[in-house]
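Trainee:
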Amino acid sequence: MTLLASRDEADRTARSARDRPADPRWVRPSVAALLLATAVLYLWNLGESGWANAFYSAAAQAGSSSWKALFFGSSDAANAITVDKTPAALWVMSLSARLFGVNAWSILVPQALMGVGSVALLFAAVRRTSGPAAGLLAGAVLALTPAAALMFRFNNPDALLVLLLTAGAYCVVRALENASPRWLALAGVAVGFGFLAKMLQAFLVLPAFGLAYLIAAPTPLGRRLLHLSGALGATLLSAGWYLAVVALWPAADRPYIGGSQENSLWELAFGYNGFGRITGDEVGSVGGNPNGGWGGTGWDRLFGSEMAGGIAWLLPAAVVALAAGLWFTRRAPRTDRGRAALIMWGGWFLVTAVVFSYMGGIIHAYYTIALAPAVAALAGIAGTQLWRARGNPAAAGTLSAGIGLTALTAYLLLSRRSDWLPGLAIAILVAGLLCAFLVFFASRLPDATRRLVAASTLITILAGTGVYTVATAATPHSGALPSAGPETGRGMRMGGGGLLGTNLPGEELAALIRRDSAKYTWAAATVGSNNAAGYQLGSGAPVMAVGGFNGTDPAPTLERFQEYVRNGRIHYFLGEGMMMRGETGSDAAERIADWVADTYRPTTVDGVTVYDLSR
10 MTLLASRDEA
20 DRTARSARDR
30 PADPRWVRPS
40 VAALLLATAV
50 LYLWNLGESG
60 WANAFYSAAA
70 QAGSSSWKAL
80 FFGSSDAANA
90 ITVDKTPAAL
100 WVMSLSARLF
110 GVNAWSILVP
120 QALMGVGSVA
130 LLFAAVRRTS
140 GPAAGLLAGA
150 VLALTPAAAL
160 MFRFNNPDAL
170 LVLLLTAGAY
180 CVVRALENAS
190 PRWLALAGVA
200 VGFGFLAKML
210 QAFLVLPAFG
220 LAYLIAAPTP
230 LGRRLLHLSG
240 ALGATLLSAG
250 WYLAVVALWP
260 AADRPYIGGS
270 QENSLWELAF
280 GYNGFGRITG
290 DEVGSVGGNP
300 NGGWGGTGWD
310 RLFGSEMAGG
320 IAWLLPAAVV
330 ALAAGLWFTR
340 RAPRTDRGRA
350 ALIMWGGWFL
360 VTAVVFSYMG
370 GIIHAYYTIA
380 LAPAVAALAG
390 IAGTQLWRAR
400 GNPAAAGTLS
410 AGIGLTALTA
420 YLLLSRRSDW
430 LPGLAIAILV
440 AGLLCAFLVF
450 FASRLPDATR
460 RLVAASTLIT
470 ILAGTGVYTV
480 ATAATPHSGA
490 LPSAGPETGR
500 GMRMGGGGLL
510 GTNLPGEELA
520 ALIRRDSAKY
530 TWAAATVGSN
540 NAAGYQLGSG
550 APVMAVGGFN
560 GTDPAPTLER
570 FQEYVRNGRI
580 HYFLGEGMMM
590 RGETGSDAAE
600 RIADWVADTY
610 RPTTVDGVTV
620 YDLSR
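In this text, residue positions in the sequence shown follow my numbering: the first is 10, and each later residue adds one.
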């Protein structure tokens, strides 16, 4: 039975390949141009961001010299504590640093290449259901999304997450063609490894993937359910193996799990980085509290000043595209792959948008990159399909409305930055409304004029998001909280740069940390991961991040720290004490800082308080 099923599936795949029309001659050079332009956009002057998020750069530095630090995602090569994420993204950066040395380019280039890969996968996925023109438009929209340019030029885990989720969507599209359990299982594997990049956020796409296959796969319901069960198993296996290994590994022989209060990766995955992000109840968080505390929630959150610049440019158009696409395909057969694609991308978009809009825990503007592939796919699919059906007044009217709405959105977003490129907002609005009017009557225009209208419309609807994306790419970004857009002195409001940055030590302090560092397990210790990252990157020696990222993890305890000092394992303690402090979590770091200040005599080097624990 298995052999026959395999042969049947192979026959269906071969027939599908034969039945698919060959691409026009312009497709390959167009795709090559799109990917080349994306690579230039994401790689150009990339080194200007330096260490970008030094928190992850220091962990990559640690992983480049210690295989244990690489596997666990430790903040330092001596394996005191891990970063507060699962380490898949760090695996890529650490291996790159091993191959090419520890520098900004070796850490950031992999993220840029992930961006190119995401655009290529999105094109391939959309092309298989809606044609090459739709795929090209979707790829261009993704490449020109400011949040995408921000994260694909940065070293947060979001770049790998988006690449894996887009790969998962491509696998679902392939599975829908022939009811292939293998392709569906591969989609599950991709999402599972997405979990190893950014934990439960990866699972937000699962309802959309599952619903699309359940509705549209060309096989009886029983087999659809069986295939989905297998794919879910593949997801859990590819996500859970790492959690199982860490849980079974003796705690005394591995680093402390940063971000948890019980030294547990399960707690981190389902608490601080899991359901706590929904409820706001995140023990050890800085700024959050059990009742929320991370800004107002609601349907308009994505259009607020923090997030709009990164993602909102085509959000209204995506809603129109999804609604119109489902309406015009309402009488299509159950297995219609065009409608299945709308269900998949639309479900991805809606579930993620609702969660981001209403979650009460930690959320940052750059998270919105997770919406970008779905928004781009909806724009590409609906835009091309409505254009092809422009002879239908309802289709022409819907397309015109989407164009006008996109132009209005760009006008409103750019008007918030009236000091930047004045006049662009009104120019896009006027041009967009004119294009919307002409598109409505496009079926009556001569061929040459119609092509001119189509080209002008594409340029107009991509102008706002495109210019903002280029400005994002041209702005160096650093710290833990980068934001999209041109550089501005107004913090996080619609502008680039970043918050929670890391300062590198001066030459004298860096030399002091390096002095006799080989004699110690940790050349120095300091409270908080951002502080430790700067000292470690500047000196090249392991620096213990007492208390983890927020200084609220019970790692190490005061008693364990005192034991390390007695055994001569830590040379210096740097800084006055707490730099960040939440209302919840452990006070171990604060107690350690107080004990050091009461026990040792301070000196000042390059403006930093230094305690020599060897005396």
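Just so it is clear, CB atoms sit at the ideal spot from N, CA and C, and this is done for glycine as well.
Applying the 10 Å Cβ sphere with the 16-neighbour rule, what's the burial state of Tyr-375?
Mentor: Looking at its Cβ environment, which holds 16 or more other Cβ atoms inside 10 Å, Tyr-375 is buried.
Trainee: Taking only runs that begin and end inside the stretch 226-267, name each unbroken alpha helix (DSSP H) of 4 or more residues, in chain order.
Mentor: The qualifying runs are 230-257.
Trainee: Given a cut-off of 8 angstroms, decide if Trp-396 and Ala-326 are closer than it, judged by their beta-carbon atoms.
Mentor: Not in contact: Ala-326 and Trp-396 (Cβ atoms no closer than 8 angstroms).
Trainee: Ser-269 and Phe-202 - do their beta-carbons sit closer together than 8 angstroms?
Mentor: The answer is no: Cβ separation not under 8 angstroms.
Trainee: I think Leu-323 touches Ala-317, with their Cβ atoms under 8 angstroms apart; what is that distance to the nearest whole Å?
Mentor: No, Leu-323 and Ala-317 are not in contact; Cβ-Cβ is about 12 angstroms, not under 8 angstroms.
Trainee: Among Ile-352, Trp-354, Leu-380, Leu-351, which residue has its Cα nearest to the Cα of Val-364?
Mentor: Residue Leu-380 is the option with its Cα nearest to Val-364.
Trainee: Is the beta carbon of Trp-357 sitting closer than 8 angstroms to the one on Ala-383?
Mentor: Cβ atoms of Trp-357 and Ala-383: closer than 8 angstroms.
Trainee: For the alpha helix (DSSP H) that Thr-641 lies in, which residues bound it at each end?
Mentor: This structure cannot speak to residue 641, because the chain is shown only from 10 to 624.
Trainee: Look up Glu-568 in the DSSP assignment and say whether it is helix, strand or coil.
Mentor: Helix, per DSSP.
Trainee: For Ala-534, count the other beta carbons within 10 Å of its own beta carbon; 16 or more makes it buried, fewer makes it exposed. Which is it?
Mentor: It is buried - the Cβ of Ala-534 has at least 16 other Cβ atoms within 10 Å.
Trainee: Can you name the start and end residues of the beta strand (DSSP E) that Thr-612 belongs to?
Mentor: 611-614 is the extent of the beta strand (DSSP E) around Thr-612.
Trainee: Between which two residues does the beta strand (DSSP E) harbouring Leu-583 extend?
Mentor: Looking at the DSSP string, the run of the beta strand (DSSP E) that includes Leu-583 is 579-583.
Trainee: Beta carbon of Leu-209, beta carbon of Ala-278: below 8 angstroms?
Mentor: Yes, the pair counts as a contact, with Cβ atoms nearer than the cut-off.
Trainee: Does DSSP put Asn-298 in a helix, a strand or coil?
Mentor: At Asn-298 the pLDDT is 42, less than 50, meaning the model places this residue with poor confidence and gives no usable figure here.
Trainee: Based on DSSP bridge pairs, tell me the residues matched to Trp-531.
Mentor: Answer is Ile-579, bridged to Trp-531.
Trainee: Provide the residue(s) that pair with Thr-91 in DSSP beta bridges, ordered along the chain.
Mentor: Looking at the DSSP assignment, Thr-91 forms a beta bridge with Ser-83.
Trainee: Go to Val-2, then tell me how far its beta strand (DSSP E) extends in each direction, as first and last residue.
Mentor: Residue 2 falls outside the range modelled here, since the chain spans only 10 to 624, and no answer is possible.
Trainee: Just verifying my parser: in three-state terms, what is the DSSP assignment at Thr-407?
Mentor: Note: Thr-407 maps to helix in three-state DSSP.
Trainee: DSSP beta-bridge partners for Met-553?
Mentor: Beta-bridge pairing links Met-553 to Ala-534.
Trainee: Are Ile-601 and Val-555 close, meaning C-beta to C-beta below 8 angstroms?
Mentor: Their beta carbons are under 8 angstroms apart, which means Ile-601 touches Val-555 by this criterion.
Trainee: Assuming Pro-495 and Ala-480 form a contact by the criterion Cβ under 8 angstroms, report the distance between their Cβ atoms to the nearest whole angstrom.
Mentor: Between Ala-480 and Pro-495 the Cβ distance is about 4 angstroms, and since that is below 8 angstroms, they are a contact.
Trainee: Within a Cβ cutoff of 7 angstroms, which residues of the same chain sit near Arg-610, ignoring the five residues on either side of it in sequence?
Mentor: None.
Trainee: Start and end of the alpha helix (DSSP H) containing Asp-603?
Mentor: Taken as a continuous stretch (DSSP letters only), the alpha helix (DSSP H) holding Asp-603 covers 597-608.
Trainee: By DSSP, does Thr-138 sit in helix, in strand, or in coil?
Mentor: Correct three-state label for Thr-138: helix.
Trainee: I'd like the list of long-range same chain contacts for Thr-175, defined as Cβ closer than 6 angstroms, with 5 residues on each side in sequence excluded.
Mentor: Same-chain partners within the cutoff: Ser-127, Leu-130, Leu-131, Pro-382.
Trainee: Can you check whether the CB of Leu-173 is closer than 8 angstroms to the CB of Ala-199?
Mentor: For Ala-199 and Leu-173, yes; Cβs fall inside 8 angstroms.
Trainee: Can you tell me which of Ser-366, Leu-235, Gly-549, Gly-347 puts its alpha carbon nearest to the alpha carbon of Gln-394?
Mentor: Gln-394 has its Cα closest to that of Gly-347, out of Ser-366, Leu-235, Gly-549, Gly-347.
Trainee: Could you check which residue in Leu-153, Ala-217, Asp-290 has the C-alpha nearest to that of Leu-351?
Mentor: It is Ala-217.
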